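Written below as structure tokens is the structure these notes are about.
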Amino acid sequence: MNEWISKVTVWVTKAGKSGLAWKDLCHKLKIKNKQKDRLRSVLAEMAEQGQIIERKNRIYAVSALKLIPAQITRVNKTFGFAKTLPDETEYFIPGKFLMGAMPQDKVLLKKIKGRGTSPEGEVVQVTAYGPGEFTGNVACENGNWFVRPDTMGKQPIFVREKDLNGSSKGDKVMARITRRGKRHSEHQATVVASYGDSETAYSCALAALDLSGVAIEFPYEVIDKARYLQKRGLKSRDLEGRTDFRGDIVFTIDGADSKDLDDAVSLEKYEDCYVLGVHIADVSHYVKYKGEIDTEAFYRGTSIYYANQVIPMLPKELSNGICSLNPGEDRLTLSAILTLDLEGQLIDFDFRKGVICSKVKGVYSEINDLFAGTAGTQIEEKYAEVKEKLFLMKELAEILSGNKRRRGAPALETSESKILVDENQKAVEILPRQTGIAEELIEDFMLTANEAAAMAGKMKDVPFVYRVHEPPSPEKLEQLNMTLRILGLQTRGLSPNVKPKALAEILEKVKGKEIAPIVNIQMLRAMSKAKYSESPLGHYGLALENYAHFTSPIRRYPDLMVHRVLTDLIAGETVEEIRRRYAKYVVKASKQATQTEINAMKLERDCEDFYKAEYMKDRIGEEFDGIISSVASHGIYVELPNTVEGLVRVEDLPNGEYDFDEVMSYRNRYTGESYRIGQKVRVRCTAAQVSSGNIDFVFVEEGV
Numbered sequence: 003m004n005e006w007i008s009k010v011t012v013w014v015t016k017a018g019k020s021g022l023a024w025k026d027l028c029h030k031l032k033i034k035n036k037q038k039d040r041l042r043s044v045l046a047e048m049a050e051q052g053q054i055i056e057r058k059n060r061i062y063a064v065s066a067l068k069l070i071p072a073q074i075t076r077v078n079k080t081f082g083f084a085k086t087l088p089d090e091t092e093y094f095i096p097g098k099f100l101m102g103a104m105p106q107d108k109v110l111l112k113k114i115k116g117r118g119t120s121p122e123g124e125v126v127q128v129t130a131y132g133p134g135e136f137t138g139n140v141a142c143e144n145g146n147w148f149v150r151p152d153t154m155g156k157q158p159i160f161v162r163e164k165d166l167n168g169s170s171k172g173d174k175v176m177a178r179i180t181r182r183g184k185r186h187s188e189h190q191a192t193v194v195a196s197y198g199d200s201e202t203a204y205s206c207a208l209a210a211l212d213l214s215g216v217a218i219e220f221p222y223e224v225i226d227k228a229r230y231l232q233k234r235g236l237k238s239r240d241l242e243g244r245t246d247f248r249g250d251i252v253f254t255i256d257g258a259d260s261k262d263l264d265d266a267v268s269l270e271k272y273e274d275c276y277v278l279g280v281h282i283a284d285v286s287h288y289v290k291y292k293g294e295i296d297t298e299a300f301y302r303g304t305s306i307y308y309a310n311q312v313i314p315m316l317p318k319e320l321s322n323g324i325c326s327l328n329p330g331e332d333r334l335t336l337s338a339i340l341t342l343d344l345e346g347q348l349i350d351f352d353f354r355k356g357v358i359c360s361k362v363k364g365v366y367s368e369i370n371d372l373f374a375g376t377a378g379t380q381i382e383e384k385y386a387e388v389k390e391k392l393f394l395m396k397e398l399a400e401i402l403s404g405n406k407r408r409r410g411a412p413a414l415e416t417s418e419s420k421i422l423v424d425e426n427q428k429a430v431e432i433l434p435r436q437t438g439i440a441e442e443l444i445e446d447f448m449l450t451a452n453e454a455a456a457m458a459g460k461m462k463d464v465p466f467v468y469r470v471h472e473p474p475s476p477e478k479l480e481q482l483n484m485t486l487r488i489l490g491l492q493t494r495g496l497s498p499n500v501k502p503k504a505l506a507e508i509l510e511k512v513k514g515k516e517i518a519p520i521v522n523i524q525m526l527r528a529m530s531k532a533k534y535s536e537s538p539l540g541h542y543g544l545a546l547e548n549y550a551h552f553t554s555p556i557r558r559y560p561d562l563m564v565h566r567v568l569t570d571l572i573a574g575e576t577v578e579e580i581r582r583r584y585a586k587y588v589v590k591a592s593k594q595a596t597q598t599e600i601n602a603m604k605l606e607r608d609c610e611d612f613y614k615a616e617y618m619k620d621r622i623g624e625e626f627d628g629i630i631s632s633v634a635s636h637g638i639y640v641e642l643p644n645t646v647e648g649l650v651r652v653e654d655l656p657n658g659e660y661d662f663d664e665v666m667s668y669r670n671r672y673t674g675e676s677y678r679i680g681q682k683v684r685v686r687c688t689a690a691q692v693s694s695g696n697i698d699f700v701f702v703e704e705g706v
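Just remember that the working numbering sits 2 ahead of the position in the sequence shown, which is counted from 1.
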């Protein structure tokens with residue numbers, strides 16, 4: 003077969019833009035009648051792989067027509083995106099040039115002139131169909147049934163009544179294309195899953211998870227193995243060779259609702275140093291490399307959190323059970339024993355297999371009350387045994403925080419949401435997630451342990467999964483420069499090789515000011531995305547040369563992989579043996595973990611949007627104070643103090659014509675009044691669509 007592919011490639015390439023007729027190709031290849039079916043199979047395979055294209059009874063080499071093999075990655079209402087194969091360059095595709103292509107379809111693109119700097123393309127041919135699945139809402143008009151897609155195309159897709167498969171008008175469903183047209187509106191579909199009322203966030207979240215391939219349930223063999231491990235519990239042989247920390251004051255600090263407790267801390271202070279213990283659940287003891295549970299964890303990559311829901315990376319028998327560092331229970335750990343001088347500089351570290359018994363399940367809010375001196379009697383009694391250690395930890399955390407600030411790590415502030423739901427899973431309150439000293443304390447301790455883990459991997463030169471963050475691109479930096487100047491900020495030092503400290507100084511300068519949230523948002527958008535890599539490239543945002551994720555193996559696969567390598571080093575495995583075992587795998591694991599993290603973050607954001615829209619749907623007509631968070635060609639985004647964000651559409655702006663500067667503001671060309679990023683405004687909620695997560699506002703007062 004490969005020989006035939008080579009020969010076909012040679013002849014169609016020679017033919018160039020003229021192509022070859024079927025009979026001419028058969029003649030050049032000296033094909034006999036009995037071989038023609040085989041040749042057709044070869045051509046079909048080559049077409050699917052994007053090597054050739056058949057048009058008007060002639061066969062062309064894709065390269066001769068300057069067509070680009072690609073795969074559709076996502077399709078929105080009026081446009082789509084594709085990544086070229088195999089180099090993964092992203093192309094923007096205007097909706098009219100999609101030819102009805104669906105996500106995961108393989109296509110041939112023709113490059114077209116675009117309006118921006120990003121490459122744009124037109125779908126010339128769909129060479130291989132993907133699954134053709136999409137989510138949407140069931141609708142009925144004049145006796146005809148449709149599914150209105152959530153993301154792709156403006157037109158509903160026809161479904162025969164018998165293909166509704168029990169779904170009803172208004173249901174959130176997943177449908178699959180059964181007949182293809184040249185446009186999305188010409189497709190026909192059948193319903194393959196129904197999730198309930200499309201105007202409930204819970205149903206919409208289930209649909210989004212399903213469409214993304216996120217499995218809520220675990221395979222039987224994985225559950226079976228996890229239940230066995232939970233039932234087996236700890237045996238005396240599990241403790242052999244481990245450091246016994248059960249007599250030490252070790253405890254966890256987490257959110258009040260947390261059940262997967264994967265980190266605990268301890269601290270001693272001596273005349274010339276601190277010894278910080280960061281004790282992490284020894285998940286690798288239970289989840290064996292390439293076993294049933296490990297294979298599933300690798301596929302999932304991370305736990306997913308939204309509202310009050312968790313889609314765990316590991317079965318609850320492990321995540322909430324035998325691996326979780328629950329108070330009063332003996333638990334196995336991989337412990338980082340970190341020695342820091344009195345100025346908080348890391349001077350030595352040691353990784354050990356250990357066993358702990360957590361003294362208390364610490365809760366952030368309760369510990370913050372202790373630090374503030376506002377804790378009640380009940381909380382004082384709960385923490386009596388560990389209170390002295392808590393204040394010692396606060397002392398060290400303040401030193402570490404100061405070091406982080408001095409080395410120039412930008413202290414970006416992001417607005418995270420806390421969504422409260424009732425017994426029917428309906429959103430009843432949206433709050434900004436609060437952080438205090440206790441949260442920062444744990445963050446700084448975990449950061450130190452993560453740095454030590456990366457240093458261990460780098461020093462031993464073993465295969466490793468690092469957490470890396472590269473500097474901002476010159477293009478994004480220039481955009482940030484322009485935005486900051488418009489906001490009236492001095493931007494000297496923001497050169498293409500800008501150091502993190504220059505960004506940190508800008509954030510410090512605006513701290514506490516009205517524009518602080520906007521500067522944070524704009525700087526966050528300018529930053530590169532952190533990712534996982536087998537190479538120690540450093541972490542720009544933390545201003546660290548060495549960084550890895552070590553502290554959350556219950557919910558992140560890279561941490562589990564790091565634990566395995568460290569465990570082998572502790573056991574005395576040779577570097578050569580560790581390289582033989584993991585060299586190829588860490589490359590694969592880094593790529594998979596990066597992709598699953600991207601998918602999880604998008605899903606968490608989408609699911610939060612469903613719940614926010616559900617919350618605002620009951621508040622249509624109400625007025626709110628907010629701040630303009632961004633501007634776009636289609637309107638102005640306003641964020642409320644509770645983190646809800648809505649859109650004021652261009653057509654809903656107060657009377658007049660507006661000039662849009664594409665960066666910061668809309669300006670009324672007649673009155674001179676403007677709406678710009680960072681401006682405080684008052685808005686009224688006019689619409690909230692749960693199924694899309696979209697919220698609409700109008701301004702109550704004109705721009706100032």
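For glycine and all other residues, C-beta sits at the position ideal for the given N, C-alpha and C. Note that the structure is a prediction, hence the values are computed from the model and not measured.
C-alpha distance - residue i paired with residue j, whole-angstrom precision
{"i": "Pro491", "j": "Pro656", "result": "Note on residue identity: the sequence assigns Leu, not Pro, to residue 491. Their Cα atoms are separated by approximately 29 Å."}
{"i": "Met529", "j": "Leu479", "result": "8 Å"}
{"i": "Ile556", "j": "Asp264", "result": "6 Å"}
{"i": "Ser632", "j": "Asn670", "result": "17 Å"}
{"i": "Ala374", "j": "Met395", "result": "15 Å"}
{"i": "Tyr301", "j": "Asp608", "result": "21 Å"}
{"i": "Ala177", "j": "Val194", "result": "5 Å"}
{"i": "Gly705", "j": "Arg651", "result": "Its pLDDT being 45, under 50, Gly705 is placed unreliably by the model, and nothing is read from it."}
{"i": "Thr569", "j": "Asp371", "result": "38 Å"}
{"i": "Ala2", "j": "Lys184", "result": "Since the displayed the chain opens at 3 and closes at 706, residue 2 lies outside it and no answer follows."}
{"i": "Asn644", "j": "Asn426", "result": "22 Å"}
{"i": "Glu387", "j": "Lys361", "result": "8 Å"}
{"i": "Arg686", "j": "Thr437", "result": "29 Å"}
{"i": "Ile225", "j": "Glu575", "result": "31 Å"}
{"i": "Glu390", "j": "Leu443", "result": "15 Å"}
{"i": "Asp350", "j": "Cys325", "result": "27 Å"}
{"i": "Leu340", "j": "Val423", "result": "41 Å"}
{"i": "Ser305", "j": "Lys19", "result": "51 Å"}
{"i": "Met1", "j": "Val577", "result": "Because the chain here runs from 3 to 706, residue 1 falls outside it and cannot be looked at."}
{"i": "Cys359", "j": "Thr254", "result": "10 Å"}
Distance CB(residue i)-CB(residue j) smaller than 8 Å
{"i": "Leu539", "j": "Val470", "result": "yes"}
{"i": "Ile313", "j": "Leu211", "result": "yes"}
{"i": "Glu201", "j": "Val692", "result": "yes"}
{"i": "Leu231", "j": "Glu319", "result": "yes"}
{"i": "Lys113", "j": "Pro121", "result": "yes"}
{"i": "Ala309", "j": "Ile421", "result": "yes"}
{"i": "Leu334", "j": "Asp256", "result": "no"}
{"i": "Val125", "j": "Ile95", "result": "yes"}
{"i": "Val467", "j": "Leu489", "result": "no"}
{"i": "Thr153", "j": "Asn35", "result": "no"}
Exposed unless 16 or more other CB atoms sit within 10 angstroms - verdict on residue i
{"i": "Thr180", "result": "exposed"}
{"i": "Thr129", "result": "buried"}
{"i": "Asn59", "result": "exposed"}
{"i": "Ile697", "result": "buried"}
{"i": "Asp611", "result": "buried"}
{"i": "Tyr222", "result": "exposed"}
{"i": "His186", "result": "buried"}
{"i": "Ile622", "result": "exposed"}
{"i": "Ser667", "result": "buried"}
{"i": "Gly235", "result": "exposed"}
{"i": "Val564", "result": "buried"}
heavy atom of the ligand NAD below 7 Å from residue i C-beta
{"i": "Glu90", "result": "For the ligand NAD, the structure offers nothing, since it holds no ligand at all."}
Practice problem: For the stretch 232-306, list the alpha helix (DSSP H) runs that are entirely contained and at least 4 residues long, ordered along the chain. | Solution: 285-288, 294-302
Practice problem: Let me know the beta strand (DSSP E) ranges lying completely inside the stretch 93-173, each 3 residues or longer, listed in chain order. | Solution: 108-114, 122-130, 135-143, 146-151, 159-161
Quiz item: Any contact of the stretch 210-224 with the stretch 267-276, i.e. 3+ C-beta pairs under 8 Å?
Solution: no
Self-check item: alpha helix (DSSP H) runs contained entirely in the stretch 341-402, provided each spans 4 or more residues
Solution: 366-374, 379-384
Quiz item: In the stretch 30-78, which residue ranges form an unbroken alpha helix (DSSP H) of at least 4 residues, counting only runs that do not cross its ends?
Solution: 38-50
Quiz item: Are there three or more Cβ pairs, one per stretch, closer than 8 Å when the stretch 473-489 is compared with the stretch 579-588?
Solution: no
Quiz item: Of all the beta strand (DSSP E) runs that stay within the bounds of the stretch 431-497, which reach a length of 3 or more residues?
Solution: 468-470
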